[in-house]
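Data first, discussion second: the structure below is written as structure tokens.
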Amino acid sequence: MLGGFKKTTKRNLLKGIPWRFGPNWPGKRCEAKTRKGTPCQRPAKLPVGRCRLHGGASTGPRTEEGLKRLADSKTKHGRFTKIERAKARARAEQGRIIRRELKELETWFIDHGHLKKNWRKDWH
Ligand SMILES: [Zn+2]
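Here this note's numbering is used: the first residue of the sequence shown is 171, the next is one more, and so on.
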């Protein structure tokens, strides 16, 4: 009935091989409710007191150091960090200001007869 050797707890118990998480195991057990309605009873190994099947989703880094490690592992070149993007926005705004001022100067020169209206075309 047992067939070939499979390394499962149930089969080991049937064979009489002791199970380190048996009924007398003193450690903390997972108390998650199973689909059967009974507590899970697997050894709880996560900080939340649940087993690896019932631990739930990660709640993210807890410390500044942990967050930094995570960010470092996800950063390839840093060109799109908040700081770099803010710098790029500032440069773009600077360019818009300069172009706006040049446009004002151009209209002033045209209005006062220093430049022809299509002066760019005659340039070359
Ligand atoms: Zn569990």
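Note that the Cβ used here is the ideal one computed from N, Cα and C, for glycine as well.
- Relative to Lys-198, the option among Phe-279, Cys-210, Asp-242 and Ala-214 whose CA is nearest is Ala-214.
- By the neighbour-count criterion, in which a residue is buried when 16 or more other Cβ atoms sit within 10 angstroms of its Cβ, Arg-266 is exposed.
- Rounded to whole angstroms, the gap between the alpha carbons of Leu-223 and Lys-206 is 15 Å.
- Residue environment analysis places Arg-220 among the buried positions, since at least 16 neighbouring C-beta atoms fall within 10 angstroms of its C-beta.
- According to the DSSP assignment, Leu-275 belongs to the alpha helix (DSSP H) that extends over 252-281.
- For Arg-239, the enclosing alpha helix (DSSP H) has its first and last residue at 234-244.
- Proximity annotation: ligand 1 has residues Cys-200, Ala-202, Cys-210, Arg-212, Arg-220, Cys-221, Leu-223 and His-224 in chain order, each selected because its CB is closer than 7 Å to a heavy atom of the ligand.
- Comparing alpha carbon positions, the residue from Gly-192, Asp-281, Lys-257 and Arg-212 closest to Glu-201 is Arg-212.
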